[in-house]
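See below for the structure under consideration.
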Amino acid sequence: MPTLLLTGANRGIGLGFARSYAAEGWRVIATCRDPAAARELSDLAAASAGRVAVHALDVTDGAAVTALARQFKGEAIDVLLNNAGVGESGYAFGKTDYTAWAHTLDANAMGPQRMAEAFADAVARSTKRTIVGITSLMGSMADNGSGGYVAYRSSKAALNMVIVTLAVDLAPRGITAIAIHPGWVKTDMGGPGAKLPVAQSVANMRKVIDRAALAESGKFFNHSGEELPW
Ligand SMILES: NC(=O)c1ccc[n+]([C@@H]2O[C@H](COP(=O)([O-])OP(=O)(O)OC[C@H]3O[C@@H](n4cnc5c(N)ncnc54)[C@H](OP(=O)(O)O)[C@@H]3O)[C@@H](O)[C@H]2O)c1
Numbered sequence: 171m172p173t174l175l176l177t178g179a180n181r182g183i184g185l186g187f188a189r190s191y192a193a194e195g196w197r198v199i200a201t202c203r204d205p206a207a208a209r210e211l212s213d214l215a216a217a218s219a220g221r222v223a224v225h226a227l228d229v230t231d232g233a234a235v236t237a238l239a240r241q242f243k244g245e246a247i248d249v250l251l252n253n254a255g256v257g258e259s260g261y262a263f264g265k266t267d268y269t270a271w272a273h274t275l276d277a278n279a280m281g282p283q284r285m286a287e288a289f290a291d292a293v294a295r296s297t298k299r300t301i302v303g304i305t306s307l308m309g310s311m312a313d314n315g316s317g318g319y320v321a322y323r324s325s326k327a328a329l330n331m332v333i334v335t336l337a338v339d340l341a342p343r344g345i346t347a348i349a350i351h352p353g354w355v356k357t358d359m360g361g362p363g364a365k366l367p368v369a370q371s372v373a374n375m376r377k378v379i380d381r382a383a384l385a386e387s388g389k390f391f392n393h394s395g396e397e398l399p400w
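Mapped onto the working numbering, the consecutive letters of the sequence shown carry residue numbers 171 to 400.
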């Protein structure tokens, strides 16, 4: 039974990933900040015959990440899926909230690096050996024609660089690292006007993740599978 380690599993795209992998019989280590409040995830775990386990994890908390890795020491993790992320309501130029920006960078870019450093041994021990960063087209330099959202954009651009760097650093251990844009998805972050239902985005991204191999490591994919410009 392959194993998924997932961040931000309690709602939105993360909950969609947890449901998708659980339905296919994977073991899912589903992490979220507040398991006691994660009712839908708890229901999924309760109905999973032990395959889905919920663990508390804030990806900005280095000690918590290390403690979780200690719990799974010696085990194999096929896919480390860095989904957790914070958005931005948008600041006008001149009104930048630098405290919030620092937190956004911590959660969206440093969080995935922390997870990769803590769990690289477990991923290297697995069959699929894949690390995924759920990024955003808003992190693309080439795509930025509309400006604004500097905190979110820069955090996802930094995440993209984290993924490319992981691809280089972890290639000797046979680990593939890819970045995927989920599309504009109907979640709390994407809002009700978004185009894609969670299940569709997740189904599309599953195809990209399932086919990931070393030859594709360090690439930036749309949910639908084509490569995106940095
Ligand atoms: N929806 C879109 O259109 C869209 C587009 C492009 C990229 N994305 C990316 O897709 C990913 C999932 O987004 P979503 O749309 O599902 O957003 P969402 O509904 O707002 O969910 C965000 C998830 O991330 C978790 N999270 C936030 N900060 C965290 C932290 N420090 N530690 C652990 N978990 C944390 C949240 O947990 P809490 O419940 O505890 O807050 C929640 O589970 C994000 O990385 C986002 O940037 C989304």
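No residue lacks a Cβ here, since even glycine has one placed at the ideal position from N, Cα and C.
Since the structure is predicted, the reported quantities are computational estimates derived from the model, not experimental observations.
task = Jot down the residue ranges of each uninterrupted alpha helix (DSSP H) in the region 178-261, minimum 4 residues, whole runs only, in chain order.
result = Runs found: 182-193, 209-216 and 232-241.
ask   = So, are the CB atoms of Val229 and Ala254 less than 8 Å apart?
value = yes
task = Figure out for me which residue from Thr266, Ile345, Ser218 and Ala192 has the closest Cα to the Cα of Asp372.
result = The sequence shown places Val at residue 372, rather than the Asp named in the question. Checking every option, the nearest Cα to that of Val372 belongs to Ala192.
key: Residue burial classification, Val338 (beta-carbon count within 10 angstroms, cutoff 16)   = exposed
message = Does the beta-carbon of Thr357, which I'm using as the reference point, lie nearer than 7 Å to any heavy atom of ligand 1?
response = Checking the Cβ of Thr357 against ligand 1 gives yes.
ask   = Buried or exposed: Glu258, going by 16 or more other Cβ atoms within 10 Å of its Cβ?
value = buried
request  = Answer with buried or exposed for Ala200, where buried requires no fewer than 16 other C-beta atoms within 10 angstroms of its C-beta.
outcome  = Classification of Ala200: buried, given that the 10 Å Cβ count is 16 or more.
ask   = If you draw a straight line from the alpha carbon of Gly395 to that of Asn374, how long is it in whole angstroms?
value = Distance between the alpha carbons of Gly395 and Asn374: 8 Å.
key: DSSP three-state assignment for Phe391, whether helix, strand or coil   = In the structure shown, Phe391 sits in a strand (DSSP, three-state: E or B).
task = For Ala262, count neighbouring C-beta atoms within 10 Å of its own C-beta (all shown protein chains included) and say buried if the count is 16 or more, exposed if not.
result = exposed
query = Skipping 5 residues on each side, what residues in its chain have a beta carbon closer than 7 Å to that of Thr274?
reply = Val256, Glu258, Ala321, Tyr322 and Ser325
ask   = If you count every other CB in all the chains shown that lies within 10 Å of the CB of Arg189, and 16 or more means buried, which is it?
value = buried
task = Just mark Thr300 as buried or exposed, buried being the case when its beta carbon has 16 or more other beta carbons within 10 Å.
result = buried
inquiry  = Can you tell me whether Val198 sits near ligand 1, meaning its C-beta is under 7 Å from at least one heavy atom of the ligand?
reply    = no
task = Give a yes or no on whether the C-beta atoms belonging to Ser310 and Pro367 are separated by under 8 Å.
result = no
query = Nearest to Lys356 by CA position, among Leu214, Met285 and Ala369, is which residue?
reply = That would be Ala369, whose Cα lies nearest to the Cα of Lys356.
Heavy atom of ligand 1 within 7 Å of Asn253 beta-carbon = Under cutoff, so the answer is yes.
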